[in-house]
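Participant:
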Amino acid sequence: MLADLPHIDPSQLRPIDTALLAGPDAPQHAPRILVLYGSLRERSYSRFVAEEAERLLRWFGCEVRIFNPSGLPLPDDAGADHPKVQELRELAQWSEGMLWVSPERHGAMTAIMKAQIDWIPLSLGGIRPTQGKTLAVMQVSGGSQSFNAVNQMRILGRWMRMVTIPNQSSVPRAFVEFDDAGRMKPSSLYLRIVDVCEELTKFTLMIRGRSDYLTDRYSERVESAEEVSRRVNQGVI
C-alpha cells in the first residue's frame, strides 16, 4: 500500500496501535469511515483531497467508502426513497466515522456539501444515525487560506452530536497543490492531511465501542422512545 503513497516517509508512518486505544471488548473489525466531498467539477480538488484521504485511511487500517454526490437531489425536492438518498443514508448508518471535504465558495461550504449533510436525518424513528460517530473536516480554497468552511462544518457536526476531532485541514490555492493526475504534491499541507487521517482513525477506534455510553443522557432516559420520535420528527418547517 505504500506504493500508492509516494510522498510518505515510511520510517515515520507508524501503524495504529489499537491496544492503546480500545479495550479488550471493543469491536475488532476495521473502522468504517464515510467520506463526503462537495464539488461536481471534473477536476474537483475536494474530490482529490477525499481520494488522498481514502488512501491514507486505508493504510491506517480503515474500511473507507466515498459517496459520489452526483445525482443527489436538493433537500425536499425528492422523497427519502430516492436511490441516491437511500444510498447516502445507508452509508451514514454503516459508518462509525466521517470525513467531510468541502470547497469554500463565497466564504462558505458549497451547497453540494450542505445538501448531503441535510439529507442525513437527525433522527430515524427516535434513533440518531450520526450520534457518537467521529468526524474530521477539511476544505480547499481557490485563494488564500481560510477556515470558514471547516468552521461551519464543525457547527454542523456538533448539531448532529458527532465527536469532531481537534485537527483539521485547509488547503489554499488548491489549483497549484495537485499534479495533472490529481495527486497532491508533497508539502506541509499534505502532511496535515496525513495528520488528520491518523487522528480520525485513532479517535474512531477509541470512541466507537463506547459511543452508546458516552452519549447516554439523563434527559433522554426519562423520555420514552415514542416521545423522542414525536419530538424530533416534527412536520416540515
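Heads up: the sequence shown begins at 31 in the working numbering, then just goes up one per residue. Where is the CB? At the ideal position from N, CA and C, for every residue including glycine.
Return yes when the Cβ of residue 78 is within less than 9 angstroms of the Cβ of residue 183, no when it is not.
Facilitator: Your numbering for residue 183 matches position 153 in the sequence shown. Your numbering for residue 78 matches position 48 in the sequence shown. No, Cβ-Cβ distance for residue 183 and residue 78 is not below 9 angstroms.
Participant: Output the distance between the C-alpha atoms of residue 242 and residue 191, rounded to the nearest integer angstrom.
Facilitator: By one-based count along the sequence shown, residue 242 stands at place 212. By one-based count along the sequence shown, residue 191 stands at place 161. Approximately 12 angstroms between the Cα atoms of the pair.
Participant: For the alpha helix (DSSP H) holding residue 164, just list the boundary residues, first then last.
Facilitator: In the sequence shown, counting from the first residue as 1, residue 164 sits at position 134. Premise fails: residue 164 lies in the beta strand (DSSP E), 164-170, not in any alpha helix (DSSP H).
Participant: Take the Cβ of residue 31 as the centre, count every other Cβ of all protein chains shown within 10 Å, and call the residue buried at 16 or more, exposed below.
Facilitator: For the purposes of this step, residue 31 is taken as the residue at position 1 of the sequence shown. So residue 31 counts as exposed.
Participant: Nearest-angstrom Cα distance between residue 174 and residue 196?
Facilitator: Counted from its first residue, the sequence shown places residue 174 at position 144. Counted from its first residue, the sequence shown places residue 196 at position 166. Approximately 22 angstroms, taken between the alpha carbons.
Participant: Give me, in chain order, the residues of the same chain whose beta-carbon lies closer than 6 angstroms to that of residue 60; leave out the 5 immediate sequence neighbours on both sides.
Facilitator: By one-based count along the sequence shown, residue 60 stands at place 30. These residues qualify, in order along the chain: 91, 92, 93.
Participant: I'd like the span of the beta strand (DSSP E) that includes residue 129, first residue to last.
Facilitator: To locate residue 129, count along the sequence shown from 1; it is residue 99. Start and end: 127-135.
Participant: So within the segment 158-243, which uninterrupted alpha helix (DSSP H) runs reach at least 4 residues, ignoring any that extend past its ends?
Facilitator: Listed in chain order, they are 178-189, 218-237.
Participant: Where do the ends of the alpha helix (DSSP H) carrying residue 79 lie?
Facilitator: Counting from 1 along the sequence shown, the entry for residue 79 is found at position 49. Residues 75-89.
Participant: Would you say the segment 117-137 touches the segment 61-69, given that touching needs at least three Cβ pairs under 8 angstroms?
Facilitator: Flag = yes, the segment 117-137 and the segment 61-69 touch.
Participant: Quick one: is residue 223 buried, meaning 16 or more other Cβ sit within 10 Å of its Cβ, or exposed?
Facilitator: One-based indexing of the sequence shown puts residue 223 at position 193. It counts as buried.
Participant: Rounded to whole angstroms, what is the Cα-Cα separation between residue 34 and residue 209?
Facilitator: Counted from its first residue, the sequence shown places residue 34 at position 4. Counted from its first residue, the sequence shown places residue 209 at position 179. Cα to Cα, the separation comes out at about 15 angstroms.
Participant: Give me the DSSP bridge partner(s) of residue 138.
Facilitator: Sequence index remark: in the sequence shown, residue 138 carries index 108 (1-based). Paired residue(s): 135.
Participant: Hey, out of 234, 199, 161, whose CA is closest to residue 247's CA?
Facilitator: For the purposes of this step, residue 247 is taken as the residue at position 217 of the sequence shown. Comparing Cα positions, the closest option is 161.
Participant: Return the residue from the list 231, 194, 143 that minimises the CA-CA distance to residue 74.
Facilitator: Here residue 74 corresponds to residue number 44 of the sequence shown, with the count starting at 1. Ranking 231, 194, 143 by Cα distance to residue 74 puts 143 first.
Participant: Comparing alpha-carbon positions, which option in 176, 229, 225 lies nearest residue 204?
Facilitator: Locating residue 204 in the sequence shown gives position 174, where the first residue counts as 1. Residue 176 is the option with its Cα nearest to residue 204.
Participant: Tell me the residue span of the beta strand (DSSP E) that contains residue 64.
Facilitator: Looking up residue 64 in the sequence shown gives position 34. Per DSSP, residue 64 belongs to the beta strand (DSSP E) from 62-67.
Participant: State the DSSP-derived secondary structure class of residue 115, mapped to helix, strand or coil.
Facilitator: If you number the sequence shown from 1, residue 115 lands on position 85. The answer is helix: DSSP assigns residue 115 an H, G or I state.
Participant: Work out the CA separation of residue 39 and residue 240 for me, nearest whole Å.
Facilitator: Indexing the sequence shown from 1 puts residue 240 at position 210. Indexing the sequence shown from 1 puts residue 39 at position 9. Residue 240 and residue 39: Cα-Cα distance of roughly 33 angstroms.
Participant: With respect to the beta strand (DSSP E) encompassing residue 251, which residues constitute its N-terminal and C-terminal limits?
Facilitator: To locate residue 251, count along the sequence shown from 1; it is residue 221. Careful: residue 251 lies outside any beta strand (DSSP E), inside the alpha helix (DSSP H) at 248-251.
Participant: Would you grab the beta carbon distance between residue 165 and residue 201 for me? Rounded to a whole angstrom, and I think it's under 8 angstroms.
Facilitator: Within the sequence shown, residue 165 is the residue found at index 135, counting from 1. Within the sequence shown, residue 201 is the residue found at index 171, counting from 1. Rounded, the Cβ-Cβ distance is 18 angstroms, inconsistent with contact.
Participant: With a threshold of 16 other CB atoms inside 10 Å of the CB of residue 83, please say whether the residue is buried or exposed.
Facilitator: Within the sequence shown, residue 83 is the residue found at index 53, counting from 1. It counts as buried.
Participant: Should residue 105 be flagged as near chain D, meaning a C-beta pair shorter than 9 angstroms?
Facilitator: Any reference to chain D falls outside this structure, which holds one protein chain only.
Participant: Give me, in chain order, the residues of the same chain whose beta-carbon lies closer than 6 angstroms to that of residue 99; leave out the 5 immediate sequence neighbours on both sides.
Facilitator: Indexing the sequence shown from 1 puts residue 99 at position 69. Around residue 99: 142, 146.
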